[in-house]
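Remarks on the structure that follows.
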Amino acid sequence: MNFEYDDQNIFARILRGEIPNKTVFENDHALAFHDIEPQAPVHVLIVPKGPYMSFDHFADAASADEQVGFMQAVAEVCRITGVTDGFRAIANTRTHGVQDVPHFHLHILGGTQLGRMLPK
Ligand code: AMP
Numbered sequence: 095m096n097f098e099y100d101d102q103n104i105f106a107r108i109l110r111g112e113i114p115n116k117t118v119f120e121n122d123h124a125l126a127f128h129d130i131e132p133q134a135p136v137h138v139l140i141v142p143k144g145p146y147m148s149f150d151h152f153a154d155a156a157s158a159d160e161q162v163g164f165m166q167a168v169a170e171v172c173r174i175t176g177v178t179d180g181f182r183a184i185a186n187t188r189t190h191g192v193q194d195v196p197h198f199h200l201h202i203l204g205g206t207q208l209g210r211m212l213p214k
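In the working numbering, each residue's number is its place in the sequence shown (first place is 1) plus 94.
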């Protein structure tokens, strides 16, 4: 993985309004939208607005305001999508985590029984 932020990645383009998205929630620091290929009845991606490549990069480099704003977006998405019976939050990261888009995003998956986290 390239360790320089690529500002042409698809989520950067969505954040700039160059590509449409189905927005679920937005605040000053995060945008949440429906995944284009949903893998569960609820499948929402939450992305920070800043140029962070991965969860650990965001945790390391984002300001306190950005981190709080992101977490508030997580709470709002859970409320809006009504995943009261539970959900899974996934942050695929770099090569071992099979991350396709190099802009940090949290998947929120729910609306059904999801099975075990990883195949045994
Ligand atoms: P990851 O493997 O964690 O990087 O997953 C990237 C996710 O982004 C996949 O679930 C894709 O279906 C999703 N995705 C790719 N392009 C778009 C798009 N234009 N709008 C919404 N979701 C997208």
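Yeah, the Cβ is synthetic: ideal placement off N, Cα and C, and Gly gets one too. Remember, predicted model here, so these are calculated numbers, not experimental data.
TODO: Check the DSSP bridge columns for V141 and list the partner residues they point to.
DONE: L125
Task: One or two residues paired with V195 in a DSSP bridge - done: V195 is not bridged to any residue.
Open item on the list: Less than 8 Å between the C-beta atoms of I140 and V162, yes or no?
Closed with: no
Open item on the list: Per DSSP, what are the beta-bridge partners of R182 in this structure?
Closed with: L203
- [ ] Just the C-alpha distance for I104 and T178, rounded to the nearest angstrom, thanks.
- [x] 30 Å
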